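Novice: Top line first, the protein sequences correspond to chains A and B.
Numbering-wise (this note's numbering), the first sequence opens with residue 1 and increments by one.
Numbering-wise (this note's numbering), the second sequence opens with residue 1 and increments by one.
Where is the CB? At the ideal position from N, CA and C, for every residue including glycine.
Since this is a predicted model, take the numbers as computed values, not measurements.
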Amino acid sequence: MSLLAVKDLHANVGEEDGQEILKGLNLQIQAGEVHAIMGPNGSGKSTLANVLSGRPGYTVTRGTLSLANEDLSHLEPHERAQAGLFLAFQYPVEIPGVSNMEFLKASTDSLAKAHNAEQPDAAGFIRQVRTLAESLDLDPQFLKRGVNEGFSGGEKKRNEILQLLLLNPKMAILDETDSGLDIDALKVVAEGVNRYRSADNGVLLITHYQRLLDYIVPDVVHVLADGQIIQSGDKNLALELEAKGYTWLT
Amino acid sequence: MSQPSVDDLVAARREYSAGFVTDVEADTLPPGLNEDVIRFISARKDEPEWLTEWRLQAYRQWQEMSEPDWPHLHYPKVNFQDISYYSAPKSQTDGPRSLEEVDPELLRTYEKLGIPLHEQAALAGVVPDPEQPSSNVAVDVVFDSVSIATTFKQKLADAGVIFCPISEAVKSHPDLVKKYLGSVVPQKDNFYAGLNSAVFSDGSFVYIPKGVRCPMELSTYFRINERNTGQFERTLIIADAGSHVSYLEGCTAPMRDENQLHAAVVELVALEDAEIKYSTVQNWYPGDENGRGGIYNFVTKRGLCAGARAKISWTQVETGSAITWKYPSVVLRGDDSVGEFYSVALTNNRQQADTGTKMIHMGKNTRSTIVAKGISAGRSDSSYRGLVRVSPTAANARNFTQCDSLLIGDLCGAHTFPYIENKNNTAIIEHEASTSKVSDDQLFACQQRGIDTEKAVSMIVNGFCKEVFRELPMEFAVEAGKLLEVSLEGAVG
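1. For B/Met362, count the other beta carbons within 10 Å of its own beta carbon; 16 or more makes it buried, fewer makes it exposed. Which is it?
2. Opposite B/Glu340 in the DSSP bridges: which residues?
3. To the nearest angstrom, how far is the alpha carbon of A/Asn12 from that of B/Asn297?
4. Mind pulling the chain A residues with CB within less than 9 Å of B/Ala427?
5. Quick check on the DSSP output: the alpha helix (DSSP H) that includes A/Thr47 runs from which residue to which?
6. Based on the DSSP output, what are the partners of B/Asp441 in its beta bridges?
7. So who's on the other strand from A/Thr59, going by DSSP bridges?
8. Spatial neighbours of B/Gly307 within its chain, please: CB distance less than 6 Å, with the 5 preceding and 5 following residues excluded, ordered by chain position.
9. Between the alpha carbons of A/Lys170 and B/Lys482, how many angstroms are there, rounded?
10. Classify A/His78 as helix, strand or coil using the three-state DSSP reduction.
11. Can you tell me the Cα-Cα spacing of A/Leu27 and A/Lys235, whole angstroms?
12. Assign A/Arg195 to one of three DSSP states: helix, strand, or coil.
13. If distances are taken between C-alpha atoms only, which option among A/Arg195, A/Leu25, A/Asp137 and A/Ala106 comes closest to A/Leu65?
14. Name, please, each residue of chain B whose Cβ falls closer than 9 Å to the Cβ of A/Ala81.
15. Could you have a look at A/Trp248 and say whether DSSP puts it in helix, strand or coil?
16. At a Cβ cut of 7 Å, what residues of the segment 459-486 of chain B count as close to chain A, listed as they run along the chain?
17. Determine whether the Cβ of B/Gln442 lies closer than 7 Å to any Cβ atom of chain A.
18. Please classify B/Arg520 as buried or exposed, where buried requires at least 16 other C-beta atoms within 10 Å of its C-beta.
19. Any beta carbon of chain B sitting closer than 7 Å to that of A/Ser135?
20. If you count every other CB in all the chains shown that lies within 10 Å of the CB of B/Ser368, and 16 or more means buried, which is it?
21. Is it right to say B/Lys311 is buried, meaning 16 or more other beta carbons lie within 10 angstroms of its own, or is it exposed?
22. Residues of chain B with CB under 8 Å from A/Ala114, in chain order?
23. Which residue wins for smallest C-alpha separation from B/Lys326, given the options B/Asn422, B/Lys437 and B/Gln352?
24. First and last residue of the beta strand (DSSP E) that includes B/Ile238?
25. Once DSSP output is grouped into helix, strand and coil, what is the label at A/Asn100?
26. Tell me, please, whether the CB atom of A/Gly98 is closer than 7 Å to any CB atom in chain B?
27. Just the Cα atoms here: how many angstroms apart are A/Ser152 and A/Lys244?
28. Quick one: what's got a C-beta closer than 6 Å to B/Ala58's C-beta in the same chain, skipping five residues either side?
29. Report the three-state DSSP secondary structure of A/Gly18 (helix, strand or coil).
30. On the criterion of 16 or more Cβ atoms from any shown chain inside 10 Å, does B/His262 qualify as buried, or is it exposed?
Structure follows, in structure tokens:
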């Protein structure tokens with residue numbers, strides 16, 4: 001049984017009659033695996049992340065997607081999150097006035113509630129978050145600031161990784177989390193993802209550059225072009241792409 | 001003395017309500033307004049002649065006035081001859097008999113707000129059934145309010161605080177009422193204040209003696225008792241030199257009310273070194289989602305810092321009413337006096353609000369702060385209207401204004417009308433304004449972390465209102481947050 005199973009996925013941007021971006025995409029990720037999806041601009045990488053997480057503005061016209069055997073296609077975005085799907089954003093959004101700590105607590109509480117689990121007590125929760133923040137080189141003061149409000153690009157991405165480690169989802173999708181990071185920040189992010197990896201969860205890395213894969217070693221590398229996966233291989237495929245570009249495949 | 005038993009109370013209640021019904025029938029006037037109506041109101045209240053004359057004078061001036069046409073509000077004109085200007089406090093015999101008969105939607109809202117069961121019954125206007133006292137929730141309410149009121153009254157009396165209906169104060173403290181009534185909001189101040197002066201029903205009177213710090217927030221009491229003050233409420237609060245009082249008006253629970261037009265007047269007087277903090281949570285019926293029904297709330301609220309170093313602070317959370325026209329203001333006459341206005345005005349569906357403040361600087365070194373947060377959702381329209389006036393006498397006056405609007409959806413409107421009149425070049429006046437929108441990206445970011453849209457909107461809106469909420473008394477700050485959440489239901493998605 002796959003952890004994430006995507007079969008013959010077709011999706012349009014906008015409504016039913018919108019432009020088709022994903023054109024019969026198949027993807028199976030087993031628990032414990034890290035997959036990387038690479039591909040040229042406009043191949044549908046970010047659309048895939050958005051469609052999997054249920055972002056408004058897309059219509060699935062055909063195919064199925066499921067997480068741990070749960071059909072996701074009819075779930076609201078927050079229900080997909082509650083089912084264990086996590087998306088680290090390419091451009092994390094600012095939410096002024098809502099403190100980071102408040103946001104993390106609301107998120108943790110919502111997930112706990114969805115699983116009929118007990119909500120963590122406030123004091124223990126704050127300690128846990130502070131420890132995590134320090135391990136990611138984030139000043140604990142940032143927890144009091146508005147979500148991503150005035151954060152640098154690197155801080156925003158590290159904040160996404162903080163959320164990943166705190167919420168510990170079944171399946172993490174990282175949408176170009178490496179873009180705009182200097183090498184030190186990239187290492188911190190990669191260390192975070194490696195800490196998250198376990199035999200029970202899965203990771204889908206969407207990336208433009210091979211660089212990230214030096215630090216997070218994937219089990220499988222896919223090439224996405226024109227809405228379909230046209231090639232899959234091991235980590236060496238990424239190196240080959242780096243050297244030759246995409247044109248030899250398409 | 002032994003406590004009266006529940007049976008005694010029920011028996012007393014039975015007698016009272018029986019006598020009451022007959023009274024009501026004789027006590028309601030047909031619609032219409034003329035001098036005879038005003039004389040009748042004054043006579044029913046057993047008022048002294050000076051007050052009858054005062055009302056009549058107000059009425060004559062009111063007839064010469066016209067409704068303000070400058071607000072950014074659209075609604076059918078009110079026919080003032082269609083209103084009945086006197087009905088004795090409603091006995092509510094036609095109200096629901098028990099909570100089972102109350103509109104379930106209303107109860108659902110109460111539950112979300114976390115209102116205790118016995119207060120729910122009181123708020124929904126449940127009529128106690130004297131035949132079945134044991135099963136009746138409302139009996140508890142009577143019991144509660146009697147005992148709570150008694151405890152409160154004793155504590156206040158010990159401190160020398162006068163706190164009673166204004167109709168009672170007219171008789172028990174005529175000198176104070178005569179001296180201060182209309183001293184801050186004159187009869188002819190504006191159309192609605194004029195009407196109120198002519199026909200005011202009842203309201204609160206508070207006097208805090210020199211140097212006294214009021215021993216309690218004048219709030220909890222109202223949760224249960226501030227009903228039936230009528231549609232033309234009149235409140236007068238006087239804080240004598242060096243005294244301090246915090247007063248909370250209203251309630252987070254939606255109030256059942258048959259009157260469409262409300263025109264209240266609130267006057268505050270703070271003498272030397274006195275401080276008045278006045279907080280309002282207004283949640284009257286806003287009308288349905290298509291804008292049918294709903295209260296018109298045309299209120300005049302003003303405070304006078306009469307002495308040096310006096311301070312008056314208004315905090316308001318406005319979520320109810322179909323139309324809100326309201327500008328709680330401070331006249332800073334005493335040197336070094338301070339005026340504050342903290343406001344959250346939320347409109348949803350077809351609600352309209354034109355609200356803000358006036359800070360009138362007259363004394364030297366007077367300071368004022370305005371923080372206004374407007375939230376518009378649905379097809380609603382929200383306007384901030386604020387005046388900062390610095391008189392030639394107000395050397396070194398300072399004002400800081402911050403005015404923020406938050407839009408939810410694409411069909412609502414937010415407007416800002418700031419007026420600054422400065423006649424003293426030593427004044428420093430600052431104005432900051434912003435408009436933002438709850439974006440789809442923000443909502444999706446919250447949803448992607450498991451937080452549903454409704455919770456996400458309420459979290460974002462609460463964050464936006466933080467600066468105002470922290471001015472509210474503690475227990476109300478929490479309720480206000482919940483109130484926004486309930487008021488925004490259906491605003492997204």
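Specialist: Judging by the given coordinates:
1. By the neighbour-count definition (other C-beta atoms within 10 Å, threshold 16), B/Met362 is a buried residue.
2. According to DSSP, B/Glu340 shares a beta bridge with B/Ser313 and B/Thr369.
3. If I take the Cα positions, the gap works out to 49 Å.
4. Here the premise fails: no neighbours, minimum Cβ distance about 31 Å.
5. It spans Lys45 to Ser53 - the alpha helix (DSSP H) in which A/Thr47 sits, taken as one unbroken run.
6. B/Asp441 is not bridged to any residue.
7. DSSP lists A/Asn12 as partners of A/Thr59.
8. Excluding five sequence positions before and after B/Gly307, the CB atoms of its chain that fall closer than 6 Å to its own CB belong to Leu271, Glu272 and Gly334, given in chain order.
9. Roughly 33 Å separates the two Cα atoms.
10. In the three-state scheme derived from DSSP, where H, G and I count as helix and E and B as strand, A/His78 is classed as helix.
11. If you draw a straight line from the Cα of A/Leu27 to the Cα of A/Lys235, it comes to about 17 Å.
12. Residue state, collapsed to three classes: helix.
13. With distances taken between Cα atoms, A/Leu65 lies closest to A/Leu25.
14. For A/Ala81, the residues of chain B that pass the 9 Å Cβ criterion are Gln447, Gln448, Arg449, Gly450 and Ile451, in the order they occur in the chain.
15. In the three-state DSSP reduction, A/Trp248 falls in the coil class, being neither helix nor strand.
16. Here the close residues are Met459, Ile460, Gly463, Phe464 and Lys466.
17. The Cβ of B/Gln442 sits closer than 7 Å to at least one Cβ of chain A.
18. What the structure shows of chain B is the stretch from 1 to 493, and residue 520 of chain B is not part of that stretch, so it cannot be assessed.
19. No, because no Cβ of chain B sits closer than 7 Å to the Cβ of A/Ser135.
20. When all chains shown are included, B/Ser368 counts as buried.
21. When all chains shown are included, B/Lys311 counts as buried.
22. Under the 8 Å cutoff, chain B gives Gly450.
23. Selected option, being the one with the closest Cα: B/Gln352.
24. For B/Ile238, the uninterrupted beta strand (DSSP E) run begins and ends at Arg234 to Ala239, by DSSP.
25. Assigned with DSSP and collapsed to three states, A/Asn100 falls in helix.
26. Per the sequence shown, the amino acid found at residue 98 of chain A is Val instead of Gly. Chain B contact via Cβ: present.
27. About 33 Å.
28. Closer than 6 Å at the Cβ level, and outside the excluded window around B/Ala58, lie Gln187, Gly194, Ser197 and Ala198.
29. A/Gly18: coil per DSSP, three-state reduction.
30. Under this definition B/His262 is a buried residue.
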